[in-house]
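Here's the structure we're looking at; comments come further down.
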Amino acid sequence: PLSSEGAAASSPDKGRPGGVYVPPKPHLMGVQKFEAYPLDKIAGYIDWTPFFNAWELAGRYPKILQDEVVGVEATKLFKDAQAMLKKIIKEKWLTANAVFGLFPANTVNNDDIEIYTDESRKKVAMTWHNLRQQTKKPADIPNYCLADYIAPKESGVADYIGGFAVTAGIGIDEHVARFEAQNDDYNAIMLKALADRLAEAFAELLHARVRREFWGYAADETLDNDALIAEKYRGIRPAPGYPACPEHSEKGPLFELLQAPLNAGITITDSFAMLPTAAVSGFYFSHPQAQYFASGKVDKEQVASYAKRKGWTIEQAERWLAPVLSY
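Take a look at the structure:
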């Protein structure tokens, strides 16, 4: 792998050829929340393919319903899911809450993003620490870091970032317990799978509203659900723990920034798992060139830099970065 210096040197030129790009200013700054968002609105955004994967049925929806091998089973499962979804909505088994915020932000030390309390950009509300790819690549292919999609502080360009946390799992426990008390594992698993799908759907719906209304950089976007699932829109919403930002502890400062427990009833455990488990959290980027990538394996040098920036010991950093260590 490349050294940290080499990786930084091969970072993209912040996606701003000639400094022409002007980041869009959000229409609505600061933290906003939604309580008990209508489940019927959320249901329209469900991506059903991962639902079948959760039941270990391979195939894409809706084709899977006609599949020669699993079609009959998938069709029965889908019918049962639709019936339960109707009940969930009608009888309000679940409550969906969300919190999101749009903030001034700039990149510092190449790889970290400072998120500010207000436009004066003097007070840092949180610093989001990131990792950079260290793979050897052809000269014209950069080593990405999520911080590349936010203007560097020294550029003087006013950039912005969003953060969010959504859940569709509030109230689930009593219903799961009810099924389990009847030894009805099928419906207990079904409910959990549907709550997970609704949480992901809520993340999709909220991101669409942020792009079109609250941030407003894609006010004229008209995409159907298939296009949303295929990520045809501008911008990304990476989540801590996923390949572009694999280190989970960054959820801590994000949850503080959004006051997620207070605003949405979502908490995090000591290992940074979210409760309710049917929850999604992450960040919003508006840059037209922003894309998902895997940060890949990191070497001792980058781990040492990450530890220093986070105020951690090397051992702490190695523990949290264990899945991505190259040594």
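Numbering-wise, the sequence shown is residues 85 to 411 according to this note's numbering. No residue lacks a Cβ here, since even glycine has one placed at the ideal position from N, Cα and C. Predicted, not measured: the structure shown is a model, and the values here were computed from it.
Does the beta-carbon of residue i have 16 or more other beta-carbons within 10 angstroms, so that it is buried, or is it exposed?
{"i": "THR191", "result": "buried"}
{"i": "ARG144", "result": "exposed"}
{"i": "GLN217", "result": "buried"}
{"i": "GLY247", "result": "buried"}
{"i": "ALA391", "result": "buried"}
{"i": "GLY240", "result": "exposed"}
{"i": "GLU203", "result": "exposed"}
{"i": "GLN400", "result": "exposed"}
{"i": "ALA265", "result": "exposed"}
{"i": "GLU284", "result": "buried"}
{"i": "SER87", "result": "exposed"}
{"i": "ILE172", "result": "buried"}
{"i": "LEU61", "result": "This structure leaves residue 61 out entirely; the chain is present only between 85 and 411."}
{"i": "ILE398", "result": "exposed"}
{"i": "ASN267", "result": "exposed"}
{"i": "ASP243", "result": "buried"}
{"i": "PRO146", "result": "exposed"}
{"i": "ALA311", "result": "exposed"}
{"i": "ALA362", "result": "buried"}
{"i": "ALA261", "result": "exposed"}
{"i": "PRO122", "result": "exposed"}
Could you tell me the distance, in whole angstroms, from the CA atom of residue i to the CA atom of residue j?
{"i": "LYS208", "j": "ALA292", "result": "Per the sequence shown, the amino acid found at residue 208 is Val instead of Lys. Spanning the two alpha carbons is a distance of roughly 27 Å."}
{"i": "LYS176", "j": "GLU258", "result": "12 Å"}
{"i": "TYR376", "j": "SER370", "result": "13 Å"}
{"i": "VAL153", "j": "LEU141", "result": "10 Å"}
{"i": "THR351", "j": "SER410", "result": "32 Å"}
{"i": "GLY395", "j": "PHE263", "result": "46 Å"}
{"i": "LEU186", "j": "ILE256", "result": "29 Å"}
{"i": "THR219", "j": "GLU157", "result": "43 Å"}
{"i": "ARG295", "j": "GLN166", "result": "29 Å"}
{"i": "ASP151", "j": "PHE298", "result": "41 Å"}
{"i": "GLY128", "j": "PRO222", "result": "43 Å"}
{"i": "LEU178", "j": "LEU161", "result": "20 Å"}
{"i": "GLU315", "j": "ALA374", "result": "12 Å"}
{"i": "GLU385", "j": "ILE225", "result": "22 Å"}
{"i": "TYR105", "j": "ALA378", "result": "25 Å"}
{"i": "TYR326", "j": "PRO108", "result": "26 Å"}
{"i": "LEU359", "j": "THR353", "result": "7 Å"}
{"i": "THR159", "j": "ARG205", "result": "54 Å"}
{"i": "PHE136", "j": "GLY114", "result": "37 Å"}
{"i": "GLY300", "j": "ASP308", "result": "18 Å"}
{"i": "ILE148", "j": "MET168", "result": "20 Å"}
{"i": "HIS111", "j": "ALA302", "result": "12 Å"}
{"i": "LEU215", "j": "ALA406", "result": "13 Å"}
{"i": "THR201", "j": "GLY349", "result": "23 Å"}
{"i": "ALA180", "j": "GLU238", "result": "40 Å"}
{"i": "PRO372", "j": "TYR317", "result": "9 Å"}
{"i": "HIS213", "j": "LEU338", "result": "11 Å"}
{"i": "ALA189", "j": "GLY155", "result": "48 Å"}
Give every residue of the same chain whose Cβ lies closer than 6 Å to the Cβ of residue i, excluding the five residues on either side of it in the sequence, and list them in chain order.
{"i": "SER333", "result": "PHE356, TRP404"}
{"i": "ALA287", "result": "VAL250, VAL364"}
{"i": "VAL408", "result": "PRO330, LYS381, VAL382"}
{"i": "ILE130", "result": "ARG281, ALA285"}
What first and last residue would you give for the beta strand (DSSP E) that runs through residue i?
{"i": "SER365", "result": "363 to 368"}
{"i": "TYR200", "result": "196 to 200"}
{"i": "ASN181", "result": "179 to 192"}
{"i": "LYS117", "result": "114 to 118"}
{"i": "THR211", "result": "208 to 213"}
How is the alpha helix (DSSP H) around residue i delimited, first residue to last?
{"i": "LYS174", "result": "155 to 174"}
{"i": "VAL439", "result": "Outside the displayed span of the chain (85 to 411) sits residue 439, for which this structure offers no information."}
{"i": "ILE256", "result": "256 to 265"}
{"i": "HIS291", "result": "269 to 293"}
{"i": "ALA406", "result": "Where ALA406 is concerned, there is no enclosing alpha helix (DSSP H), given that its DSSP letter is neither H nor E."}
{"i": "ASN137", "result": "133 to 138"}
{"i": "ASP310", "result": "309 to 313"}
{"i": "LYS335", "result": "335 to 342"}
Return the chain-ordered list of same chain residues with a C-beta closer than 8 Å to the C-beta of residue i, the five sequence neighbours on each side being excluded.
{"i": "GLU340", "result": "MET210"}
For residue i, collect the residues of the same chain with a Cβ closer than 7 Å to its Cβ; drop the 5 residues on either side in sequence, then sort them by chain order.
{"i": "LEU290", "result": "ALA182, PHE184, PHE248, VAL250"}
{"i": "GLU322", "result": "Strictly speaking, residue 322 in this sequence is Pro, with Glu absent from that position. Once the five neighbours on either side are set aside, the close Cβ partners of PRO322 are LEU230, ALA328, CYS329, GLY366, PHE367, TYR376."}
{"i": "ASP124", "result": "ILE173"}
{"i": "ALA388", "result": "ILE398"}
{"i": "GLU402", "result": "VAL387, LEU409"}
For the ligand ZN, is there any heavy atom lying closer than 7 Å to the beta carbon of residue i?
{"i": "ASP196", "result": "Judged by which ligands are present, the structure shown has none, so any question about the ligand ZN falls away."}
Notebook entry, point to check: Does the segment 194 to 203 come close enough to the segment 227 to 241 to have 3 or more Cβ pairs within less than 8 Å?
Noted result: yes
Next item on the list: Indicate whether the contact test is met: 3 or more Cβ pairs, each with one atom in the segment 274 to 284 and one in the segment 326 to 343, closer than 8 Å.
Entry: no
Next item on the list: Tell me, please, whether the segment 107 to 125 touches the segment 266 to 277 by the rule of three or more beta-carbon pairs shorter than 8 Å.
Entry: no
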